[in-house]
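Chemist:
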Amino acid sequence: MTDTPRKTGTTRRGVLKGAAALAGTAAFPAPFVHAQERVTLRYLSTAVNQSPAIAEKASEDLGIDIEYIAVNTDEVPRRVITQPNSFDLVDSEYFSLPNLVPSGNMKGMDANRIDRIDDLATVIANGTVDGEQVGWDGTAPHEVLYLENQDSTTFATEPTEWITLIPTTYNADTLGLRPDLIDKEITSWASLLDPDFAGKTAILNIPSIGIMDAAMAIEARGDITYGDKGNMTRDEIDFTIEKLIEAKRAGQFRAFWSNFQESVNLMASGEVVIQSMWSPAVTAVRTQGIPCVYQPLKEGYRAWASGFGLPRTIDGRKEDAAYEFINWFLSGWAGAHLSKQGYYPAVLETAKEYMEPYEWAYWYEGKKAEQDILAPDGRLLEEAGAMRDGGSYAERMGSVACWNAVMDENQYMVRKWNEFIAA
Amino acid sequence: MTEASNSVTDTRTEARQDRAPARGRTSTRRAGAALAPYLQAAPMALVFLLFFVLPLAATIVVSFWQYTHYSIEPAFTLQNYGDIFSGCIRDLPELCTTFRTYISTLKFGLIVWATTLVTGFTVAYFLAFHVRTLKVQVIFFLLCTVPFWTSIVIRMISWIPLLGRNGLVNQTLMSMGVIDTPLEGLLYSDFAVILAMTHLYTLFMVVPIFNSLMRIDRDLIEAARDAGASGFQTLTVIIIPLGRPGILIGSIFVVTIVMGDFLTIGIMGGQQIASVGKVIQTQMQFLQFPLAAANAVILLAAVLVGVWALLKLVDIRKEL
Chain B
1 MTDTPRKTGT
11 TRRGVLKGAA
21 ALAGTAAFPA
31 PFVHAQERVT
41 LRYLSTAVNQ
51 SPAIAEKASE
61 DLGIDIEYIA
71 VNTDEVPRRV
81 ITQPNSFDLV
91 DSEYFSLPNL
101 VPSGNMKGMD
111 ANRIDRIDDL
121 ATVIANGTVD
131 GEQVGWDGTA
141 PHEVLYLENQ
151 DSTTFATEPT
161 EWITLIPTTY
171 NADTLGLRPD
181 LIDKEITSWA
191 SLLDPDFAGK
201 TAILNIPSIG
211 IMDAAMAIEA
221 RGDITYGDKG
231 NMTRDEIDFT
241 IEKLIEAKRA
251 GQFRAFWSNF
261 QESVNLMASG
271 EVVIQSMWSP
281 AVTAVRTQGI
291 PCVYQPLKEG
301 YRAWASGFGL
311 PRTIDGRKED
321 AAYEFINWFL
331 SGWAGAHLSK
341 QGYYPAVLET
351 AKEYMEPYEW
361 AYWYEGKKAE
371 QDILAPDGRL
381 LEEAGAMRDG
391 GSYAERMGSV
401 ACWNAVMDEN
411 QYMVRKWNEF
421 IAA
Chain F
424 MTEASNSVTD
434 TRTEARQDRA
444 PARGRTSTRR
454 AGAALAPYLQ
464 AAPMALVFLL
474 FFVLPLAATI
484 VVSFWQYTHY
494 SIEPAFTLQN
504 YGDIFSGCIR
514 DLPELCTTFR
524 TYISTLKFGL
534 IVWATTLVTG
544 FTVAYFLAFH
554 VRTLKVQVIF
564 FLLCTVPFWT
574 SIVIRMISWI
584 PLLGRNGLVN
594 QTLMSMGVID
604 TPLEGLLYSD
614 FAVILAMTHL
624 YTLFMVVPIF
634 NSLMRIDRDL
644 IEAARDAGAS
654 GFQTLTVIII
664 PLGRPGILIG
674 SIFVVTIVMG
684 DFLTIGIMGG
694 QQIASVGKVI
704 QTQMQFLQFP
714 LAAANAVILL
724 AAVLVGVWAL
734 LKLVDIRKEL
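Chains as they are written, first to last, in this note's numbering: chain B, 1 to 423; chain F, 424 to 743.
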């Protein structure tokens, strides 16, 4: 549903300017004229990650135009592998890396050119929060963060100077629910499979994420203890799918969804009262005036992280511009902008500088909002006195149990997942 | 409309008469005349070749290739076909995923064919025999295209308030006292899929059937009535047999579209109902192109068999 490429930055004036520049180049083919041309970066990612405000601000601050190419979650790696020339910068999920890096279409990023490389959030850089290790099940970002060298197609086990993806956003996902339609206390992922909610739950039809939600629920119910639920064996996959089919045949699920907007519609219409959700989707339901809670659970969160990568083909001014844009992205304004939508940014310190103290306290410290909390576009998100679901950054990211994953047995898993859908 | 088709035949006869005296002229002209039909057909043939035959050939070739999770490699292997049908024979009589998916898709094909045929024929009959003026016919035709005026995204959202648990239909039924608890099966069910498909695809039945019905010589109907046939007899003995080509063309349209449809099934079925198209889509998303290609080839074969069977019923070239 989000496949339509969205272009920003093409205004009439821009076109005129471009035309003028073109005419200028034709008349005086001097190199300095060339150097003045603005660079356009084609930015490939899901629509959720593409904020027009960020493109606008970057264009203002850097003179770099951002052209968004919006596709859905599964389409991002497919584009990287099949059409590596069709973008200059990709914002990809870390869990896609085990597929992307061996293809040789990604270029290691030079850590020395990233100003704030040492300030990256520790949960991404080494899988810890405040020195405490979080859950590493699945494709934990620090396991796929470094390459042996720039053109390497395998991951390095130790930190190196070559980075796969520089984090843009990450978060911890959990179950979203409609408190007005549920009269039970929800404390566990097992509630996703609770027969009391038969016909009123939903899960994602994106296998890499859906299987993790299912695994959290099935393990929470006590049916199985996985070795590594993010890298299941064939037997574990069989068991998981079997349990899912059982639940499906018993009418547990109302629907499956595969993009952001679908999950919002299902929740807002009351078709579904409890489901795995993405944080901004909960916000979207709430801004419609419908109560929706992002419920912390005792088993912890399923985390995800997304980051900037470069295609193998990028070089010259485009590459310089990409580094410039990434450095700008980490310098605070974008981080603050994303924080106010409920995401976490790569560098916390710089984002803090661009946020009001009361905003920081609400979003990061788990404190009561001293004033009304507004979204970046000025809409009211929470009234004064509200607290963020799940509490502070350390509480939320510190309770991560697993990460979205591509398993070694991915092909088998996808086949079994199709059986589940067909069952 | 009858006048229109008459005038077409008139022009044809004129054209034939024109050509006759030309026969004796120079040989270049004759060569040009012989070439003309090919040139006329060339643009379409070229489009077909470039955008249909070549991609199809590529699909068939790729279906025999090997793949990893990030690449596809030229090879000649039957592995992909084997994977699709793995366990299908062994597990009989229990149906494997592939068989179940195809049966489910076929089921929708048959049901939607039946519903669109009944509604489509009724509408076409009404348009052809009860609406007198061309203008009104055109207006009604436009009304038939209403489902195509909105995008699938809008429709997807708009079905929820209508058929949903708290939707208009459920609320109406409950306030009328017909039901106590909301009907869950209205949305995200087989029923919803069939409803949406009928709503979408009936037009593909209406157009060809209407065209066929308009070609029926009204004198035949009058003659039937004079000979004492009842309305029903006229329908079954005169109108339906003569409308067969339209029914057939409409059926081919509907069956082929439904067999490949995964968006409507996905959205109205809450993505819980399998369809071959959806399986292919998932495989493409996970870069299992050869597997997806193999599935596409099988689907194509299945649809072709269906079309072939339909063509066996009516000699379409004779009837047109």
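Positions of the beta carbon are idealized from the N, C-alpha and C atoms, including for glycine. Bear in mind that the values here come from a model prediction, so they are computed numbers and not experimental data.
Among residues of its own chain, excluding the 5 on either side of Ala140 of chain B, which ones have a beta-carbon nearer than 6 angstroms to its beta-carbon?
Modeler: Taking the first residue of the first sequence as position 1, residue 140 of chain B is located at position 140. Counting only Cβ-Cβ distances below 6 angstroms, and skipping sequence neighbours, we find Gly127, Trp403.
Chemist: Checking the sheet assignment: what are the DSSP bridge partners for Val71 of chain B?
Modeler: Here residue 71 of chain B refers to the residue found at position 71 when the first sequence is read from its first residue. DSSP, once it has assigned bridges, lists B:Thr46 as partnering Val71 of chain B.
Chemist: In terms of alpha-carbon separation, which member of B:Gln341, B:Asn418, B:Ala346, B:Asn49 lies closest to Asp377 of chain B?
Modeler: Taking the first sequence and counting its residues from 1, one reaches residue 377 of chain B at position 377. That would be B:Gln341, whose Cα lies nearest to the Cα of Asp377 of chain B.
Chemist: When the Cα of Leu606 of chain F is compared with those of B:Thr287, B:Glu271, B:Tyr358, which residue comes out closest?
Modeler: Within the second sequence, residue 606 of chain F is the residue found at index 183, counting from 1. Here the closest residue by C-alpha is B:Glu271.
Chemist: What residues in the segment 699-724 of chain F bring their beta carbon closer than 8 angstroms to a beta carbon of chain B?
Modeler: Answer in chain order: Lys701, Val702, Thr705, Gln706, Met707, Gln708, Phe709, Leu710, Gln711.
Chemist: Comparing alpha-carbon positions, which option in B:Ile186, B:Glu319, B:Arg178 lies nearest Asn265 of chain B?
Modeler: Residue mapping note: residue 265 of chain B aligns to position 265 of the first sequence, counting from 1. Of the candidates B:Ile186, B:Glu319, B:Arg178, the one whose C-alpha sits nearest the C-alpha of Asn265 of chain B is B:Arg178.
Chemist: List the residues of chain F whose Cβ lies closer than 9 angstroms to the Cβ of Phe197 of chain B, in chain order.
Modeler: Locating residue 197 of chain B in the first sequence gives position 197, counting from the first residue. Here the premise fails: no neighbours, minimum Cβ distance about 13 angstroms.
Chemist: Give me, in chain order, the residues of the same chain whose beta-carbon lies closer than 7 angstroms to that of Val400 of chain B; leave out the 5 immediate sequence neighbours on both sides.
Modeler: Numbered from 1 along the first sequence, position 400 holds the residue referred to as residue 400 of chain B. Excluding residues within five positions, the ones whose Cβ falls inside 7 angstroms are Val134, Gly135, Ala172, Gly300, Tyr301, Ala303.
Chemist: At a CB distance below 9 angstroms, what residues from the segment 97-128 of chain B approach chain F? Give them in sequence order.
Modeler: Those would be Pro98, Asn99, Leu100, Val101, Pro102, Ser103, Gly104, Asn105, in chain order.
Chemist: Looking at Gly251 of chain B and Ala336 of chain B, is the spacing between their C-beta atoms short of 8 angstroms?
Modeler: Locating residue 336 of chain B in the first sequence gives position 336, counting from the first residue. Locating residue 251 of chain B in the first sequence gives position 251, counting from the first residue. No, these two residues do not count as a Cβ contact at 8 angstroms.
Chemist: Which complete alpha helix (DSSP H) runs does the segment 64-149 of chain B hold, if anything under 4 residues is left out?
Modeler: Whole alpha helix (DSSP H) segments, 4+ residues: 75-82, 97-103, 122-125.
Chemist: Listed from N- to C-terminal order along the chain, which residues in the segment 663-695 of chain F have their beta-carbon within a distance smaller than 7 angstroms of any beta-carbon of chain B?
Modeler: Answer in chain order: Gly693, Gln694, Gln695.
Chemist: Relative to the C-alpha of Thr568 of chain F, which candidate in F:Gln489, F:Gln463, F:Val629 has its C-alpha closest?
Modeler: For the purposes of this step, residue 568 of chain F is taken as residue 145 along the second sequence, with counting starting at 1. Of the listed residues, the one whose Cα sits closest to Thr568 of chain F is F:Val629.
Chemist: Please classify Phe87 of chain B as buried or exposed, where buried requires at least 16 neighbouring CB atoms within 10 angstroms.
Modeler: One-based indexing of the first sequence puts residue 87 of chain B at position 87. The residue is buried, with at least 16 neighbouring Cβ atoms inside 10 Å.
Chemist: Rounded to whole angstroms, what is the Cα-Cα separation between Thr82 of chain B and Leu89 of chain B?
Modeler: As a position in the first sequence, residue 82 of chain B is number 82, starting the count at 1. As a position in the first sequence, residue 89 of chain B is number 89, starting the count at 1. Taking the straight line joining both Cα atoms gives about 15 angstroms.
Chemist: Enumerate, from N- to C-terminal direction, the unbroken alpha helix (DSSP H) stretches of 4 or more residues contained entirely within the segment 348-407 of chain B.
Modeler: You should have 348-353, 357-364, 393-398.
Chemist: Would you list the residues sitting across from Pro167 of chain B in a DSSP beta bridge?
Modeler: Taking the first residue of the first sequence as 1, we reach residue 167 of chain B at position 167. Looking at the DSSP assignment, Pro167 of chain B forms a beta bridge with B:Gly307.
Chemist: Any beta carbon from chain F within less than 8 angstroms of Asp183 of chain B's own beta carbon?
Modeler: If you number the first sequence from 1, residue 183 of chain B lands on position 183. By this cut-off, Asp183 of chain B is not an interface position.
Chemist: When the cut-off is 8 angstroms and only beta carbons count, does Ile577 of chain F lie next to chain B?
Modeler: Start at 1 with the first residue of the second sequence, and residue 577 of chain F comes out as number 154. Ile577 of chain F does not count as touching chain B.
Chemist: Using CA coordinates, which residue listed in F:Val546, F:Asn718, F:Phe685, F:Asn503 is at the minimum distance from Gln560 of chain F?
Modeler: As a first step, residue 560 of chain F must be located in the second sequence, where it is residue number 137. Looking at the Cα atoms, F:Val546 is the closest of the given residues.
Chemist: Measuring alpha carbon to alpha carbon, tell me which residue in B:Leu145, B:Asn49, B:Asp151, B:Thr168 is nearest Thr157 of chain B.
Modeler: Walking along the first sequence from the start, residue 157 of chain B turns up at place 157. Checking every option, the nearest Cα to that of Thr157 of chain B belongs to B:Leu145.
Chemist: Answer with yes or no whether the minimum CB distance from Lys248 of chain B to chain F is below 8 angstroms.
Modeler: Position 248 of the first sequence, counted from the first residue, corresponds to residue 248 of chain B. Yes, its Cβ sits closer than 8 angstroms to a Cβ of chain F.
Chemist: Give the secondary structure of Ala21 of chain B by DSSP, where H, G and I count as helix, E and B as strand, and everything else as coil.
Modeler: To locate residue 21 of chain B, count along the first sequence from 1; it is residue 21. Reliability of the predicted coordinates at Ala21 of chain B is poor, the pLDDT of 49 falling under 50, and the value obtained from them is presented with this limitation in mind. In the structure shown, Ala21 of chain B sits in a helix (DSSP, three-state: H, G or I).
Chemist: Quick check: does the Cβ of Thr657 of chain F come within less than 7 angstroms of any heavy atom belonging to the ligand GTP?
Modeler: No copy of the ligand GTP occurs in the structure displayed, which carries no ligand at all.
Chemist: By Cβ distance, which residues of its chain are closer than 6 angstroms to Leu330 of chain B, with the 5 residues on each side in sequence left out?
Modeler: Mapped onto the first sequence, residue 330 of chain B falls at position 330. Arg116, Ala346, Val347.
Chemist: Determine, for Arg648 of chain F, whether the minimum Cβ-Cβ distance to residues of chain B falls below 8 angstroms.
Modeler: In the second sequence, counting from the first residue as 1, residue 648 of chain F sits at position 225. Arg648 of chain F does not count as touching chain B.
Chemist: Against chain F, with Cβ distances strictly below 8 angstroms, would Asp74 of chain B count as a contact?
Modeler: As a working mapping, residue 74 of chain B is identified with position 74 in the first sequence. Cβ-Cβ to chain F under 8 angstroms: yes for Asp74 of chain B.
Chemist: Whole angstroms are fine: how far does the CA of Val285 of chain B sit from the CA of Leu41 of chain B?
Modeler: Locating residue 41 of chain B in the first sequence gives position 41, where the first residue counts as 1. Locating residue 285 of chain B in the first sequence gives position 285, where the first residue counts as 1. In a straight line, the C-alpha of Leu41 of chain B is about 32 angstroms away from that of Val285 of chain B.
Chemist: Pairs of beta-carbons, one from the segment 146-156 of chain B and one from the segment 371-390 of chain B, closer than 8 angstroms: are there three or more?
Modeler: With a cut-off of 8 angstroms, the segment 371-390 of chain B and the segment 146-156 of chain B do not count as touching, because too few Cβ pairs lie within range.
Chemist: Reducing DSSP to helix, strand and coil, say where Ile495 of chain F ends up.
Modeler: The count along the second sequence starts at 1 and reaches residue 495 of chain F at position 72. Looking at Ile495 of chain F - three-state DSSP - the assignment turns out to be strand.
Chemist: Please classify Leu710 of chain F as buried or exposed, where buried requires at least 16 other C-beta atoms within 10 Å of its C-beta.
Modeler: As a first step, residue 710 of chain F must be located in the second sequence, where it is residue number 287. Burial call: buried.
Chemist: What in chain F is Cβ-close to Phe253 of chain B, meaning under 7 angstroms?
Modeler: Looking up residue 253 of chain B in the first sequence gives position 253. Near Phe253 of chain B (Cβ distances below 7 angstroms), the residues of chain F are Gln695.
Chemist: Applying the 10 Å Cβ sphere with the 16-neighbour rule, what's the burial state of Ala697 of chain F?
Modeler: Here residue 697 of chain F refers to the residue found at position 274 when the second sequence is read from its first residue. Looking at its Cβ environment, which holds 16 or more other Cβ atoms inside 10 Å, Ala697 of chain F is buried.
Chemist: Please identify, using Cβ separations under 9 angstroms, the residues of the segment 618-652 of chain F that lie next to chain B, in order along the chain.
Modeler: Taking 9 angstroms as the Cβ-Cβ cut-off against chain B, none of the residues of the segment 618-652 of chain F qualify.
Chemist: Throw me the rounded Cβ distance for the Pro84 of chain B and Arg312 of chain B pair, which I believe falls under 8 angstroms.
Modeler: Against the first sequence, residue 84 of chain B aligns to sequence position 84. Against the first sequence, residue 312 of chain B aligns to sequence position 312. Yes, they are in contact, since the Cβ atoms of Pro84 of chain B and Arg312 of chain B sit about 6 angstroms apart, within 8 angstroms.
Chemist: Whole-angstrom Cβ separation of Trp278 of chain B and Phe256 of chain B, contact assumed at under 8 angstroms?
Modeler: Numbered from its first residue, the first sequence carries residue 278 of chain B at position 278. Numbered from its first residue, the first sequence carries residue 256 of chain B at position 256. In fact, because the Cβ distance is near 15 angstroms, the residues do not count as touching under 8 angstroms.
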